[in-house]
Amino acid sequence: MSFSRPISPIERGYLAGAPLLPPFAIQLLVEGVGSIDETALRRAVAVASEACPGSRLVGRGRLWVDSGRPPPVTVLPALDLDGEALRRPLDPSTGPLSEVLFVSGAATTIVFRAAHATMDARGVLVWATDVLRALRHERPLGARSPVTDDALRRRVAASPARLSTGLRWRTPLVGATAHRRHRWRRTTITGNQHALVARTIAAIGAAAGRPSRFMVPVDLRRHERTLAATGNLALPVFLDVTPDQPWAEVHELLLRALADRRELAVSAAESWAGRLPRPVLRAGLSAAERVSRRWNRGICTAAVSHLGRIDLDAFCTDTFTAGTVYTLPVHGPFIPVAFSTTELPGHIELTMSHPSGPGAEQAAETLLAAVTAALGPTGVPSVTAGPRAPAPRTGRTPPPDEATVGPTVVDIFAQRVRQTPDAMALTGPQGAVTYAELDRRADVVAERLHRLGVGPGDVVGLLADRTPAAIGALWGVLKAGAAYLPLEPSYPPGRLAFLLDDAGAALCLAQRRFADRLGRRRVLMLDDLPSSGASAPATRPAPTDLAYLIYTSGSTGRPKGVQVEHRNLTAYAAWALPRYRVDRSTRFAFFTSMAFDLGATAVFLPLLAGGSVELVPGEMTPPLLRRIIEGGGVNALKLTPTYLDLINRLDLAPARFRTVVVGGEQLPAAVAARAQRLFGSGCDIVNEYGPTETTIGCVVGSFDAERDGSAGPVPIGEPVPGTGVLLLGLEGEAVPPGTVGELHLTGTQLARGYLNRPEAQRERFVRLPDGTRAYRTGDLGRLRPDGLLEYLGRTDEQVKIRGYRIEPGEVAAVLAEHPAVARAVVLAHPQPASRQIRLHAYVTTREPVTEAALRAHLAGLLPPPVMPATFAVLERFPRTSNGKVDTAVLLAALRDEAPVPPVVDTPDPTAGVVAGIWSEVLRVPVDAGDPNADFHRLGGDSLTFLEMLDRVFRRFGGDSGGDALAALREVTADPTLGAVCRVLRAAPGAAAAGRPEDRRGRTSS
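Next up, the structure:
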């Protein structure tokens, strides 16, 4: 069936104006990781374009007609925002009017381009998602409606179209208004914001410092939700804003414009475009452009568009994972600056176009920074806290390009070898090894690697037990300039193969007894290497070279390789050596897995200070632990709280310990208090916090029995020198002291990032408004009144029960405050037969306690939905291979549990009806019993917000929606279920509103 549609008046204007400022095109970019077959992409474009013929248009007189030819796919080696590929005009005289650009490799990018005279941004999005459906071998949804903006406007307008008033000319913020060459800038902002367009406009207006006019494109599809069309259906509304106008008032202006349907008005320019021949129209536009350029004026201060909220799953395939989607603003004549915004899970994409004339670059940078600051996290740049500090202090965080020169751990170790060659470096069952002997072992490995062509930039696997040969191999890899990848011997062969392949390991160093786990891989047997007799190569690692690669669990089940540079490791050692009192007399016991960075403290610190490492091969057992603790040689430990609790329960008699560093999990005060009594007042019990991505540890605090008592968790303390900490809320805003927020870390210990995981990199390694690089931890914390940081669990453990957002870690922390509880773990578990979530509590105790007593304890501190469904008292917690609580074992016992009937809320009638309307508009369940349910956090935007208010007030206020506009100011500032119900009850006719029937006697569904 052939496809054609008229060229609308505004599209005729676009065609006439396009040559003035090419490219006049919509450009949608999809970035991600993984592979897409080029042939499969071409086939998918053809299939999707058959379903969306608007992507195959050519001009025939006053019609767009389907050419029948799919848009071309062009393969590029790379993509640059300033490159010519994105500036190539889509000329209707030569075609094509749509195309796809494709960049494959470690980071894959697909660009969907269409002439703005044929599509708007929503139309390109419809076409692009169908291309991805075809790539997944799904049937495209298609968009075959030939409707034009002009026809749709006439169809939905409540009254005859009005002629809008003339546009007022504005002095641009950036450069010359009609400068022929524009530039694009792009920034990614962590967190999400509702009323994004209004916030952006308010920020630009404040930066302008004068009254400003803004153009906001509005999608006409909002008037017919089921319309499937790719055409150019976006028409503008104009907003006049003062520089001191808050975003909430701007949002109200926008909502009123949408409620008045101002986008349906016909402009004078559009009226002329429908009557004048194209050559005459082009000549008129050219003359207007020359006037605009001469007098440096534009029709508005800026254009601000919003693509909406993007579901990244719609852009993924079995082999490709989308990390982000964004559009480049159209370079429109007479519009000096344009912004485009896109909301994605956890972040906002903000792009900007501006002229590239004299002075424009700096002005654009300043304007973009102002807008970014308004949309992103705000507040203190970092938090540092002292044990007695009543409030946070601001500390300087070095920029990421510092520490690019200076010694590495290889240099420091070499210095120790020269100073104390005969001092003991390693002890253990396999005998003592001096610094000189360890250095010679390392030289053998480094020389052999060099002969095999391994050097800087390479990764070498290390599969070995905790032996002198393994430690020598570790230092040998570093001496060769390469990075080591520590592997856990207990891993199955399949996982070892995945890690080595994903890391691109040049080869693997292994003990012979583990070689059968590696298959047919390039392996260098440690057992076959001599302990001396070689000279290390002259290669010296640079501070920015990789030191090691450690894999952590991924939320998708695919581990992520964290790349730690030498400068990160040196920064850790710089503060940890004096903080942990490490010197030549220090001996750390090393008994944790080499595949976890928790043990790096015991491996590196003593060998950088002239001390020694006690190697403990094999599995840890109570007798072995007793020998280590009571043997008299070891005086420093690094371990998890689970191991520390085990030491407490064994009732050992430690000998002369100076430092016990605890990390990897939340440290209960009860465990720390007993350990302090066990090890004595002269031993420093240190709580160390730090994700692998921030190099071992970066926030520390010593246990203080007087301050921390014996209940609840021990605070994680304060950031170390060179580290900054921010606590940010759900919308990326800084939270005040005492309020729970997500920990964001900055400073010299931030790792390079994830290997081959650009989507995870973008999500976790973020840029703050001032440009500072930060790691978004996913950990919750708060600043206590004494200035210390407290860890409260994970954001990704958050669950929602009966409308309450619940952190199991917080419940566990409160439960642990009971005097009888030694340790508590609370887990969320979905019911097999329903969507209901139940909490389950597990405790170890110091004395007998009943479930009733624990319930009463929680009931006095937490709301009813937070109460765990079950309580279990355990003798000890099951542990994983790295000493952490094995939650999988705890949850396994729940799988066969009989389902429990869900708790049914009986909210008041008003809340019930309003929640039902919200559910219909948002298409998600809404708990009528939760007055704090936030419309925007449930997925609403400006348009659905207006629709919701209109439905609510029509339902409760008769056949007029006027009351909705009267309530805009109050509800906009607080878009919650409780606020809407409060406005309803205060409105005239509140008595009727409280009943489930409306004034016509209908019953709500």
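The C-terminal residue of the sequence shown carries number 1005 in the UniProt record's numbering, and the numbering is unbroken.
We treat Cβ as the ideally placed atom computed from N, Cα and C, and that holds for glycine.
If you're wondering where the values come from, they're calculated on a predicted model, not measured in any experiment.
Hey, could you find the ends of the alpha helix (DSSP H) residue i is sitting in?
i	result
D439	435-451
K638	No alpha helix (DSSP H) contains K638, which is instead part of the beta strand (DSSP E) from 636-639.
Q430	Where Q430 is concerned, there is no enclosing alpha helix (DSSP H), given that its DSSP letter is neither H nor E.
G35	Per the sequence shown, the amino acid found at residue 35 is Ser instead of Gly. First-last for S35: undefined, no H or E at that position.
I201	196-208
On a Cα-Cα basis, can you pick out the residue from the options that is closest to residue i?
i	options	result
A78	T972, L264, S55, I110	I110
F765	V714, A824, E731, E693	E693
Y435	W475, A816, A198, L132	W475
G61	E11, N756, P72, L86	E11
S4	P146, I36, V131	P146
W575	A547, V924, D974, L608	L608
A506	L452, P617, P345	L452
R955	F935, G916, D927, A933	G916
R767	E349, A51, A85	E349
W184	S356, M525, G690	S356
M867	A51, E810, P429, R658	E810
L938	A669, R87, L977, D82	L977
residue 1025	T230, A841, G83, H223	Outside the shown range of the chain, which is 1 to 1005, sits residue 1025, and nothing can be said about it.
R707	P691, T739, A672	A672
P754	P559, P925, E688	The sequence given here places Tyr at residue 754; Pro does not occur at that position. Closest option to Y754, Cα to Cα, is P559.
V100	V564, H137, C52, V45	V45
A751	R225, D545, D82	D545
Quick one: is residue i buried, meaning 16 or more other Cβ sit within 10 Å of its Cβ, or exposed?
i	result
D150	buried
R520	exposed
P785	exposed
S159	Because the pLDDT of S159 is 46, which lies under 50, any placement of that residue in the model is unreliable, and the number read from its coordinates should be weighed accordingly. That one is exposed.
A432	exposed
Q27	buried
P493	exposed
W247	buried
G557	Bear in mind that the predicted position of G557 carries a pLDDT of just 39, short of 50, making it unreliable; the figure below should be weighed with that in mind. It counts as exposed.
D260	exposed
E619	exposed
S834	Note that S834 has pLDDT 35, beneath the 50 cutoff, so the model's placement of it is unreliable and the number below is only indicative. Exposed: under 16 other Cβ atoms inside 10 Å.
S8	buried
A990	Only weak support exists for where A990 lies, its pLDDT of 49 falling under 50; the coordinates are left without a value.
Would a C-beta distance cut-off of 8 Å place residue i and residue j closer than the cut-off?
i	j	result
G54	P92	no
A207	A114	no
R213	D240	yes
A338	V325	no
L254	V216	yes
T887	R985	no
V218	A234	yes
I647	L625	yes
T188	T408	no
L789	I716	yes
F877	L854	no
T844	A822	yes
Residue i: beta carbon under 7 Å from a heavy atom of the ligand FMN?
i	result
F3	This structure does not include the ligand FMN; it has no bound ligands of any sort.
Within 8 Å (strictly less), CB to CB, does residue i reach chain B?
i	result
R222	Protein chain content of the structure displayed is limited to a single chain, and chain B is not contained in it.
Can you name the start and end residues of the beta strand (DSSP E) that residue i belongs to?
i	result
V700	699-702
F102	98-103
D66	63-66
residue 1010	What the structure shows of the chain is the stretch from 1 to 1005, and residue 1010 is not part of that stretch, so it cannot be assessed.
H744	741-747
F604	F604 -> not in any beta strand (DSSP E); alpha helix (DSSP H) instead, spanning 600-609.
residue 1046	Look at the range of the chain in this structure, 1 to 1005, and you will see that residue 1046 is not part of it.
**Item:** Segment contact flag, the region 487-503 with the region 454-469, C-beta cutoff 8 Å, min 3 pairs
**Value:** yes
**Message:** Would the region 503-514 count as touching the region 419-439 if we require 3 or more Cβ pairs under 8 Å?
**Reply:** no
**Message:** Whether or not the region 737-749 and the region 715-727 are in contact is what I'm after, with contact meaning three or more pairs of Cβ atoms, one per stretch, closer than 8 Å; do they touch?
**Reply:** yes
**Request:** Please determine if the region 586-594 and the region 767-785 are in contact, where contact requires at least 3 C-beta pairs separated by less than 8 Å.
**Result:** no
**Request:** Assess, as a yes-or-no matter, whether the region 663-682 is touched by the region 910-924 under the definition of 3 or more beta carbon pairs within less than 8 Å.
**Result:** no
**Request:** State whether the region 630-642 contacts the region 521-533, with contact taken as three or more CB pairs (one from each stretch) at a distance under 8 Å.
**Result:** no
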